[in-house]
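Asks:
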Amino acid sequence: MLGVVLGTDVIVTALGSATGGSNAVLREAAHGRLTPLVTPALFLEYEAVLKRPEQRLAHGLGLRDIDRFLAALASACEAVEVSFQWRPQLSDPNDEMVLEAAVNGRVDALVTHNVRDFAKGAARFGLRVLRPGELLKELRS
């Protein structure tokens, strides 16, 4: 089974389209075909972003809906302890926690729509950075 770290952008995009690649990645996780790895900081980032008023409005979801979604996501995730931090590695300091989860979790891939910003930092640790559609192609081959 593949272990992956999902960028916050993938989580947000998954809620925006029931038929898109990001949503399909979450469905694969719900069916046990891949395991999202998270640190507490990364999961709290998911929650903070999803609960922003503009995100709730964009997705037509209330706080209870977001809480239910996060509970379902948490049940599919595996916790990663951050033993090492190598900051800074990326141009956006807010992305560092995503890379740290991937490195400390020894994942098979970091999944994001923001490949360009992660590519150089991830390469330093031998991590693959994939878009959701690329991950889905791998899972189906």
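1338 is the number of the first residue of the sequence shown in my numbering; add one for each residue after it.
Where a beta carbon is used, it is the ideal one built from N, C-alpha and C, also for glycine.
Fair warning: this is a prediction, and the values are worked out from it, not measured in the lab.
Under a Cβ-count criterion, where at least 16 other Cβ atoms within 10 Å of its own Cβ denotes burial, should Ala1459 be classed as buried or exposed?
Replies: Counting Cβ neighbours within 10 Å, Ala1459 comes out buried, since at least 16 surround it.
Asks: Below 8 angstroms on the Cβ atoms is my contact criterion, and I expect Gly1353 with Ala1395 to pass it. Report the Cβ-Cβ distance as a whole number of Å.
Replies: The C-beta distance from Gly1353 to Ala1395 rounds to 7 angstroms, short enough to meet the 8 angstroms contact threshold.
Asks: Exposed or buried, what is Asp1429 when buried is set at 16 or more other beta-carbons lying within 10 Å of its beta-carbon?
Replies: exposed
Asks: Between which two residues does the beta strand (DSSP E) holding Gly1340 run?
Replies: 1339-1343
Asks: Smallest Cα separation from His1450: which of Met1338, Leu1339, Asp1402, Thr1350?
Replies: Thr1350
Asks: Between Asn1431, Arg1453, Asp1454, Glu1415, which lies nearest to Asn1441 when the distance is taken from Cα to Cα?
Replies: Glu1415
Asks: Which residues bound the beta strand (DSSP E) around Val1440?
Replies: Per DSSP, Val1440 belongs to no beta strand (DSSP E); it is in the alpha helix (DSSP H), 1433-1442.
Asks: Taking Ala1408 as part of the beta strand (DSSP E), name the residues at either end of that continuous run.
Replies: Where Ala1408 is concerned, there is no enclosing beta strand (DSSP E), although the alpha helix (DSSP H) it sits in stretches over 1400-1413.
Asks: Shortest alpha-carbon distance to Phe1406 belongs to which of Phe1380, Trp1423, Gln1422, Phe1421?
Replies: Phe1380
Asks: Taking just the CA atoms, how far does Lys1388 sit from Ala1456?
Replies: Ala1456 and Lys1388: Cα-Cα distance of roughly 28 angstroms.
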